[in-house]
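Inspection log for the structure reproduced underneath, given as C-alpha cells.
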Amino acid sequence: MISYRLAKTTEVSELKSLLWKYGPNEWNYLTEEGVDAELQLVESGRAHAAVAIYRNQIVGLAILISGVDAPSYIEKYARVEESSFIGDVVVSKEHSGMGIASQLLRECIHKAKSLNSKSVLIERHEENLASAGMMKNAGFTIYETFHDPDKRSSGTRNSVVLGCMLNN
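Numbers 1 to 168, taken from the UniProt record's numbering, label the letters of the sequence shown in order.
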C-alpha cells in the first residue's frame with residue numbers, strides 16, 4: 001500500500017537521487033541548477049515535497065513552491081503572493097501507472113490550501129501524455145500553450161501552463 005506525507009529535510013539527497021534516476025526524458029526539462037535550486041528551497045523549508053512511500057522507500061515526489069519563489073512567468077496567470085507552483089514530479093518506473101503522480105499533485109493542492117494559496121500552477125510539455133493525464137486527474141485545466149524552444153527540444157517544442165483554483 002502506498003502512503004503519502006511531506007518529505008523531511010533530511011531526505012533531500014534521496015529526493016535528488018530519485019529525480020535524476022526517473023525524471024530525465026524527452027519531455028522533461030531538468031537542469032542541475034534548477035533541480036539544486038528547487039531542492040534547496042525544500043531543505044530550507046521554503047518549499048515542500050510531497051512523497052509517496054512504499055515499503056519505507058520514497059517512490060515518488062512532487063515539489064510545491066511558493067509563488068514568490070516560482071518561475072517569474074507565473075505572474076502572468078496569478079498573483080504570486082497568492083499562488084503556489086508545482087515544480088518537478090516523478091514516480092519510479094516500477095510504480096508508474098498506479099495513479100501515484102495524480103495523488104501527489106492532490107497532496108500538493110491540499111498543502112497549498114493550508115498555506116492559503118488561491119491557485120496552484122504547473123507546466124508540462126504539450127505532448128507529454130502521462131503528465132497531461134495526471135494533471136487532468138488532479139483537477140488542473142489548461143491556461144495557455146506556447147512555443148518554448150529554449151526549454152523544449154523535442155516534438156512541438158511547446159509548453160503548457162495549467163492551473164487549479166482553490167476554494168479556501
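From the three backbone atoms N, C-alpha and C, an ideal C-beta is built for every residue, glycine too.
Just so it is clear, the structure is predicted and the values come from calculations on it, not from any experiment.
CA-to-CA distance, residue j to residue i, given in whole angstroms
i	j	result
N25	R152	11 Å
L105	G87	10 Å
M135	G99	11 Å
V160	A70	16 Å
I65	F140	16 Å
N56	K16	17 Å
H125	N158	6 Å
V35	N137	25 Å
I53	V89	14 Å
DSSP-derived helix/strand/coil call for residue i
i	result
V68	coil
T31	coil
Y4	strand
S83	strand
R152	coil
A138	coil
A78	coil
One or two residues paired with residue i in a DSSP bridge
i	result
N158	H147
Y54	Q57
L121	F85, G163
Nearest candidate by alpha-carbon position, reference residue i, set the options
i	options	result
A7	N28, K113, S44, S117	S44
I2	S92, L121, W27	S92
Burial state of residue i (16 or more Cβ within 10 Å)
i	result
L129	exposed
E94	exposed
Q40	exposed
Beta carbon proximity, residue i to chain B, threshold 8 Å
i	result
T141	Among the chains of the structure shown, chain B does not appear; only one protein chain is present.
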